[in-house]
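Please read the structure below before turning to the comments.
Residue numbers (our numbering): 18 to 380.
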C-alpha cells in the first residue's frame, strides 16, 4: 500500500494461479469500502481498478471526515509511515552489515601486518644476535692479537733496540761512517716500530671495555694539556685561546685522549708558524654542541681528507712532522663510541680546524 496524497491510497495485488478473478476482488473491495463509509456516516469511498499483468492496482480515495472515518484514514497513514520506516531500517541494517564486513576485512589485514612485523622483528633479533656473536668473536681475536703484540713482538724488538744501542756505544768508534750509519738506521727503525706497536695497542684498547659517562671539565683538561706541551718545549712561543666553562659528559680517560691527540697535533703542525696560535672552544647549534680545535699551522689539502682517520695514513712526511699515524684513528674511534662524529676543515699553510660532537655524551 502506498499513500499518494492525504486521503488517496494505492493497493497493488498480484494473483496466484487458481485465485478468483481480479474483477471479483475489485467488487469485494469496493463493496467493503462503501459499506464501511456508510456505517461511519461519510460519503462512500471511490475505488478505481487498473488491471496489470498478473494482478491489479487499486486507487482509493477516502472522503475527508473527522469522525470514525478520519480515524481509519489516520490509521492507514500510520501504516504507510510504518512501512516507510521499516524500509529505512532495512537500508540502515544493510549499510551497517556492509560496514561491519569492511571493518572485519581491515582487522584481518591489520592482523596480517602485525604478524609480518613480528616475523621481521624475530628475524632482525636473530641477525643482531648473530652479528653480536661475530663481534664478540672478533673482539676475542683482537684481544689475543693485542696480547701477542704486547708480549711476543715487543720483547724481541726491545732486544734489537738495546743491542743496536750497545753496538753504537761500545764499538761505534771502531766502525767506519757507513757501518755506524747502518746501525743508527736500524735503531731508528726499531724505535719507529715500537711506536707503531704502542699505537696499535692504544687503538685496540679504546674499542674495548665499558664506556663510563661522567661530567668532564673540558676547559680544565685543555689548560693542563697546554701547560704540559709548553713545559716540554719552553723555547716555543704558542698562544693558546681557551674558552671558559666548557664541559662534556663521557668517559674521562678517553675524552682526555681525544684532547691530547688533537691539541698535540695542533702543537706539532704549528711548528714554524709565527706567531703560532691554537684555539679550543665550542659553538652551540640548535640540536647539538660542537667542540673545535683550531690552529694556524701547516694545514693540508682537503682532497685527501677521506684518508685522514685511517691508521698509519699520513698527509705529511715523517721527516717534517714525525708521528705514528695512529692518533687521529684513535680519536675517531673514541668519538664514534660516544655516538658523535669528527670532521676537519683545512687548507695548505692556512691551518686546520677539527670539529667533533660527543652524541649522547654531550652535556
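Glycine included, each C-beta is placed from N, C-alpha and C at the ideal position.
Just so we're clear, the structure is a prediction, and the values are computed from it rather than from any experiment.
What span of residues does the beta strand (DSSP E) with residue 306 cover, start to end?
-> Here residue 306 refers to the residue found at position 289 when the chain shown is read from its first residue. Run containing residue 306: 306-312, per the beta strand (DSSP E) assignment.
So what's residue 12 in DSSP terms, helix, strand or just coil?
-> The chain is shown from 18 up to 380; residue 12 falls before or after that span and cannot be answered.
Work out the CA separation of residue 70 and residue 393 for me, nearest whole Å.
-> This structure gives no information on residue 393, because the portion of the chain shown stretches from 18 to 380.
Below 8 Å on the Cβ atoms is my guess for residue 14 versus residue 185; work out the distance and round it to an integer in Å.
-> The question about residue 14 has no answer, for the chain in this structure spans 18 to 380.
Note down, in chain order, each residue of its chain lying with its Cβ closer than 6 Å to the Cβ of residue 243, except the 5 sequence neighbours on either side.
-> The sequence position of residue 243 within the chain shown is 226, counting from 1. For residue 243, where only same-chain residues beyond five positions count, the Cβ hits under 6 Å are 257.
Neighbourhood of residue 272 by C-beta distance below 7 Å, restricted to the same chain and skipping five residues each side = As a first step, residue 272 must be located in the chain shown, where it is residue number 255. Within the same chain, residue 272 has close Cβ partners 233, 265.
When we look at the beta-carbon of residue 324 and count the other beta-carbons within 10 Å, is it buried (16 or more) or exposed?
-> As a first step, residue 324 is located in the chain shown; it is residue number 307 there, counting from the start. Exposed.
Residues that DSSP places opposite residue 300 in a beta bridge | Counted from its first residue, the chain shown places residue 300 at position 283. 307.
Output the distance between the C-alpha atoms of residue 366 and residue 317, rounded to the nearest integer angstrom.
-> Your numbering for residue 366 matches position 349 in the chain shown. Your numbering for residue 317 matches position 300 in the chain shown. So the two alpha carbons sit approximately 7 Å from each other.
For residue 374, name the three-state secondary structure that DSSP assigns.
-> By one-based count along the chain shown, residue 374 stands at place 357. Three-state DSSP puts residue 374 in coil, outside helix and strand.
Is residue 371 near residue 297, with beta carbons less than 8 Å apart?
-> As a first step, residue 371 is located in the chain shown; it is residue number 354 there, counting from the start. As a first step, residue 297 is located in the chain shown; it is residue number 280 there, counting from the start. Cβ distance not < 8 Å, so residue 371 and residue 297 don't count as in contact.
If you count every other CB in all the chains shown that lies within 10 Å of the CB of residue 335, and 16 or more means buried, which is it?
-> Taking the first residue of the chain shown as 1, we reach residue 335 at position 318. Note that residue 335 scores 48 on pLDDT, short of 50, meaning its location in the model is unreliable; the coordinates nonetheless yield the value given after this. Looking at its Cβ environment, which holds fewer than 16 other Cβ atoms inside 10 Å, residue 335 is exposed.
Taking the CB atoms as reference points, tell me whether residue 345 and residue 278 lie closer together than 8 Å.
-> In the chain shown, residue 345 corresponds to position 328, counting from 1. In the chain shown, residue 278 corresponds to position 261, counting from 1. Closer than 8 Å, so yes.
Would you mind working out which of 76, 368, 132, 343 sits nearest residue 217, comparing C-alpha positions?
-> As a working mapping, residue 217 is identified with position 200 in the chain shown. Nearest option by C-alpha distance: 343.
What residue from 368, 290, 375 has the CA that sits closest to residue 354's CA?
-> For this step, residue 354 is matched to residue 337 along the chain shown. The shortest C-alpha separation from residue 354 is found at 375.
In the DSSP assignment, find the unbroken beta strand (DSSP E) run with residue 359 in it and report its ends.
-> Numbered from its first residue, the chain shown carries residue 359 at position 342. Here the beta strand (DSSP E) through residue 359 covers 359-363.
Based on Cα-Cα distance, which residue from 219, 143, 123 lies nearest to residue 347?
-> Residue 347 sits at position 330 when you count from the first residue of the chain shown. Of the candidates 219, 143, 123, the one whose C-alpha sits nearest the C-alpha of residue 347 is 219.
Cβ-based neighbour list, residue 105, same chain, cut-off 6 Å, excluding 5 preceding and 5 following | Translated into the one-based positions of the chain shown, residue 105 becomes position 88. Cβ neighbours of residue 105 beyond the five flanking positions: none.
Residues of its chain near residue 269, where Cβ-Cβ distance is below 7 Å and the 5 sequence neighbours each way are ignored | The residue you call residue 269 lines up with position 252 of the chain shown. Excluding positions up to five away in sequence, the list reads 231, 233.
Roughly how many angstroms lie between the CA atoms of residue 369 and residue 212, to the nearest whole one?
-> In the chain shown, the residue the question calls residue 369 occupies position 352. In the chain shown, the residue the question calls residue 212 occupies position 195. About 25 Å.
Which first and last residues belong to the beta strand (DSSP E) in which residue 232 is found?
-> As a first step, residue 232 must be located in the chain shown, where it is residue number 215. 231-234 is the extent of the beta strand (DSSP E) around residue 232.
So, residue 208 versus residue 275, is the Cβ gap smaller than 8 Å?
-> Residue mapping note: residue 208 aligns to position 191 of the chain shown, counting from 1. Residue mapping note: residue 275 aligns to position 258 of the chain shown, counting from 1. No, Cβ-Cβ distance for residue 208 and residue 275 is not below 8 Å.
With DSSP as the reference, label residue 367 as helix, strand or coil.
-> As a first step, residue 367 is located in the chain shown; it is residue number 350 there, counting from the start. Note: residue 367 maps to coil in three-state DSSP.
Is the Cβ-Cβ distance between residue 235 and residue 263 less than 8 Å?
-> The residue given as residue 235 occupies position 218 in the chain shown. The residue given as residue 263 occupies position 246 in the chain shown. Taking 8 Å as the Cβ cut-off, residue 235 and residue 263 qualify as a contacting pair.
Excluding sequence positions up to five away, which residues of its chain have a Cβ less than 7 Å from the Cβ of residue 261?
-> By one-based count along the chain shown, residue 261 stands at place 244. Within the same chain, residue 261 has close Cβ partners 236.
Have a look at the DSSP bridge pairing and note the partners of residue 259.
-> Numbered from its first residue, the chain shown carries residue 259 at position 242. Note: residue 259 sits in a beta bridge opposite 297.
Residues near residue 349 by beta carbon distance below 8 Å, same chain, minus five either side | By one-based count along the chain shown, residue 349 stands at place 332. Excluding positions up to five away in sequence, the list reads 326, 359.
Looking at residue 299 and residue 255, is the spacing between their C-beta atoms short of 8 Å?
-> Here residue 255 corresponds to residue number 238 of the chain shown, with the count starting at 1. Here residue 299 corresponds to residue number 282 of the chain shown, with the count starting at 1. Cβ distance not < 8 Å, so residue 255 and residue 299 don't count as in contact.
Whose C-alpha, out of 306, 280, 302, is nearest the C-alpha of residue 313?
-> On the chain shown, position 296 is the one that residue 313 refers to. It is 280.
Sequence-distant residues of its chain with Cβ nearer than 6 Å to residue 63 (five each side left out) | Locating residue 63 in the chain shown gives position 46, counting from the first residue. 78.
Go through its chain and collect everything with a Cβ distance to residue 133's Cβ below 6 Å, but skip five positions before and after it.
-> Against the chain shown, residue 133 aligns to sequence position 116. So no residue of the chain qualifies.
Buried/exposed call for residue 282, threshold 16 Cβ in 10 Å | Position 265 of the chain shown holds residue 282. By the neighbour-count rule (16 or more Cβ atoms within 10 Å), residue 282 is buried.
Grab the span of the beta strand (DSSP E) containing residue 266 for me, first residue to last.
-> Your numbering for residue 266 matches position 249 in the chain shown. Taken as a continuous stretch (DSSP letters only), the beta strand (DSSP E) holding residue 266 covers 264-267.
Of the residues 267, 315, 290, 148, which one's Cα is nearest the Cα of residue 356?
-> Translated into the one-based positions of the chain shown, residue 356 becomes position 339. Here the closest residue by C-alpha is 267.
Which one or two residues does DSSP pair with residue 63 in a beta bridge?
-> Along the chain shown, one-based indexing puts residue 63 at 46. BP columns for residue 63 point to 78.
Pull up the CB-CB distance for residue 200 and residue 181, whole angstroms please, since I reckon it's below 8 Å.
-> Walking along the chain shown from the start, residue 200 turns up at place 183. Walking along the chain shown from the start, residue 181 turns up at place 164. At roughly 6 Å, the Cβ-Cβ gap stays under 8 Å, so residue 200 and residue 181 are in contact.
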